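Undergrad:
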Amino acid sequence: MSTTSTVPPRSPYRAVFAVPEFRAVFAAHVLSLLGIVVGEIALSVLVYRLTGSPLLSALTFALGFLPYVLGGTLLAGIADRRPARRVLVTCDLLCAAGAVAMALPGTPVAALLALRCVNAAVAPVFAGTRAATLGDILGEGDRFVLGRSLLRVVAQGAQLVGFAAGGVLLTVVAPRTALVATAAGFLASAALLRLGTRRRPARSATAGEGGLLAASLSGIRELFAHRRIRGLILLSWIPPFFLVTPESLAAPYAHDLGAGSTATGLLLCAMPVGAIIGEVLAGALLRPRTRERIALPLAAVLLLPFLLYALRPSLGWSLLLAAVAGAGTAYTLGADQWFIAAVPEELRGRAMTVLSAGTMTIQGLGMALAGAAAEFIPVHLVVAGSGLLGTVAVTAVVREVVRSR
Numbered sequence: 006m007s008t009t010s011t012v013p014p015r016s017p018y019r020a021v022f023a024v025p026e027f028r029a030v031f032a033a034h035v036l037s038l039l040g041i042v043v044g045e046i047a048l049s050v051l052v053y054r055l056t057g058s059p060l061l062s063a064l065t066f067a068l069g070f071l072p073y074v075l076g077g078t079l080l081a082g083i084a085d086r087r088p089a090r091r092v093l094v095t096c097d098l099l100c101a102a103g104a105v106a107m108a109l110p111g112t113p114v115a116a117l118l119a120l121r122c123v124n125a126a127v128a129p130v131f132a133g134t135r136a137a138t139l140g141d142i143l144g145e146g147d148r149f150v151l152g153r154s155l156l157r158v159v160a161q162g163a164q165l166v167g168f169a170a171g172g173v174l175l176t177v178v179a180p181r182t183a184l185v186a187t188a189a190g191f192l193a194s195a196a197l198l199r200l201g202t203r204r205r206p207a208r209s210a211t212a213g214e215g216g217l218l219a220a221s222l223s224g225i226r227e228l229f230a231h232r233r234i235r236g237l238i239l240l241s242w243i244p245p246f247f248l249v250t251p252e253s254l255a256a257p258y259a260h261d262l263g264a265g266s267t268a269t270g271l272l273l274c275a276m277p278v279g280a281i282i283g284e285v286l287a288g289a290l291l292r293p294r295t296r297e298r299i300a301l302p303l304a305a306v307l308l309l310p311f312l313l314y315a316l317r318p319s320l321g322w323s324l325l326l327a328a329v330a331g332a333g334t335a336y337t338l339g340a341d342q343w344f345i346a347a348v349p350e351e352l353r354g355r356a357m358t359v360l361s362a363g364t365m366t367i368q369g370l371g372m373a374l375a376g377a378a379a380e381f382i383p384v385h386l387v388v389a390g391s392g393l394l395g396t397v398a399v400t401a402v403v404r405e406v407v408r409s410r
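Converting from the sequence shown to the numbering used here requires adding 5 to each position, the first position being numbered 1.
1) Is the separation between the beta-carbon of Val249 and that of Tyr314 shorter than 7 Å?
2) Less than 7 Å separating the beta-carbons of Pro245 and Thr396?
3) For my contact list, Glu145 and Ala346 are in at a C-beta cut-off of 8 Å; report their separation, rounded to the angstrom.
4) Relative to the C-alpha of Thr187, which residue among Asn124, Glu227, Val407 is closest?
5) Near Thr65, what residues of its chain come up, given a Cβ to Cβ distance below 8 Å and the 5 sequence neighbours on each side ignored?
6) Since I believe Ala327 is in contact with Gly279 (beta carbons under 8 Å), could you give me their beta-carbon distance rounded to a whole number of angstroms?
7) Helix, strand or coil, according to DSSP, for Glu350 in the structure here?
8) Leaving out five residues before and five after Glu405 in sequence, what residues of the same chain have Cβ atoms less than 6 Å from its Cβ?
9) How far does the alpha helix (DSSP H) with Phe311 in it extend, from its first residue to its last?
10) Alpha carbons only, please: which of Val24, Pro25, Tyr73, Ser37 is nearest the one belonging to Gln368?
11) Excluding the five sequence neighbours on either side, which residues of its own chain have a C-beta within less than 6 Å of the C-beta of Ala212, listed in chain order?
12) Return helix, strand or coil for Leu75, following the three-state DSSP convention.
13) Of all the CB atoms in chain D, is at least one closer than 7 Å to the CB of Ala347?
14) Counting only the same chain and skipping the five closest in sequence on each side, list residues whose C-beta sits under 6 Å from that of Met107.
15) By Cβ distance below 6 Å, which residues in the same chain neighbour Gly77 in space, the five residues on each side in sequence not counted?
16) So, for Ser409: in the same chain, excluding its five sequence neighbours on each side, which residues have a beta-carbon less than 6 Å away from its beta-carbon?
17) Do Val21 and Gly152 have their beta-carbon atoms positioned less than 7 Å apart in this structure?
18) Put Val94 into one of helix, strand or coil per three-state DSSP.
19) Need the endpoints of the alpha helix (DSSP H) that Ala207 sits in, please.
20) On the three-pair Cβ rule with 8 Å, is the stretch 376-393 touching the stretch 253-266?
21) For the alpha helix (DSSP H) that contains Pro318, what are its first and last residues?
22) What residue from Arg203, Leu228, Asp147, Ala101 has the CA that sits closest to Ala189's CA?
23) With His231 as the anchor, note down where its alpha helix (DSSP H) starts and where it stops.
24) Buried or exposed: which applies to Leu109, given that a residue is buried once 16 or more other Cβ atoms fall within 10 Å of its Cβ?
25) Using the Cα positions of Leu155 and Leu254, report the straight-line distance between them to the nearest angstrom.
26) Could you pull out every residue in the same chain whose Cβ sits closer than 7 Å to the Cβ of Leu303, ignoring the five residues on either side in sequence?
27) Suppose you measure from the CA of Phe191 to the CA of Asp97; what does that come to, to the nearest Å?
28) Can you tell me where the alpha helix (DSSP H) with Glu252 in it begins and where it stops?
29) Let's test the definition: count the other Cβ atoms within 10 Å of the Cβ of Ala195 and tell me whether it reaches 16, buried, or not, exposed.
30) What distance in whole Å lies between the Cβ atoms of Arg208 and Glu297, which are believed to be in contact at a cut-off of 8 Å?
31) The alpha helix (DSSP H) spanning Leu394 covers which residue range?
32) Under three-state DSSP, which class holds Arg121?
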């Protein structure tokens, strides 16, 4: 049943925070995210100090993306075949144990990278299970959409606050000590989820039949066999593939402009700031039907600001273009409503896991391809080309979603 009518139009986010279980989920999300971001910086610095290798240091970030596809593919069945609270708490405890192992003196570099992979493989199962649980906590209407939006806003904000906090923290403590903050974040998240959410049975009895791999793959096949669901998954995956281009090339673009590291930091912040503003304004000011009406047009024009990079804009204009593109990600509020309505209850955990895993994986792939292209093509033209190709690709997906109605 939709809960749209229960959401006060002038204060939609207040209605979401009025649900006690969501407050626990939200607080757990904040604590674990801050720990993750601080841990990423600390681990990157630690690996560089141990090896002196820029490649291995950068690899610690890349490994946060690549294992998502394995976790999302091979472990997706867990999200439906086990009680959600148990899955969430277990994932947090596993990640906390991994962070503690990283913090131990003497842990070799190979083990550090392997532990990073394990935590990244667990992440999509956690994210998918939590997203599916939001439907149980908030209902399948507008409160679910706004709850998802708030978690995305926190994720964007964590990049801004967490990287700054991690940089400050590493000026006063050693990297291994800073990794303890990551473990503490996961433990606090586990406690909040265990004590602040209700126990619910496994989402699907049939998801437990056969092995885990079979359950995961069969669920993925079902999702992609459904035209509407397939189109909505692609609508969530394709735009981020192109959106990461300016961020992945922030350092070389700042260099081309003759700016310094401060400009690089600003370029990295512009899109998250735009995304936060866009989501909050769309969630607070627009009614659910309006957000659904603008979702596809907004997705179709999302990448057009990148075309102006062909003119090699100054730093100020580049920041504005990135922020405008980031604000366009508010299309996801309408798409989320369609997705949860289209996915059967017994597949919801696997659907959300696949959605999360694919989004992270495709962003990592987009970063890699943008970097490869910039080896041969000027950076500003790579961004402009990404805007052109991306607009064509997203338009094709938008047409498919329209046809699947």
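Where a beta carbon is used, it is the ideal one built from N, C-alpha and C, also for glycine. Small disclaimer: the values here were computed from a predicted structure and weren't measured.
TA: Once the coordinates are examined:
1) no
2) no
3) 7 Å
4) Asn124
5) Glu45, Leu48, Ser49, Val52, Leu117, Leu118, Arg121
6) 7 Å
7) helix
8) Gly236
9) Run containing Phe311: none; DSSP gives neither H nor E here.
10) Tyr73
11) Confidence at Ala212 is low in this model, with a pLDDT of 48, below 50, so the placement of that residue is unreliable and no value is reported for it.
12) helix
13) You won't find chain D in this structure, because it holds only one protein chain.
14) Leu117, Leu120, Leu184
15) Pro129, Thr358, Val359, Ala362
16) Arg232, Arg233, Gly236
17) yes
18) helix
19) That residue, Ala207, is in no alpha helix (DSSP H); it is neither H nor E in DSSP.
20) yes
21) Pro318 -> no alpha helix (DSSP H), and no H or E assigned at all.
22) Ala101
23) His231 -> no alpha helix (DSSP H), and no H or E assigned at all.
24) exposed
25) 28 Å
26) Gly333, Ala335, Tyr336
27) 5 Å
28) 250-253
29) buried
30) Going by Cβ atoms, the distance from Glu297 to Arg208 rounds to 26 Å, so no, they are not a contact pair.
31) 384-408
32) helix
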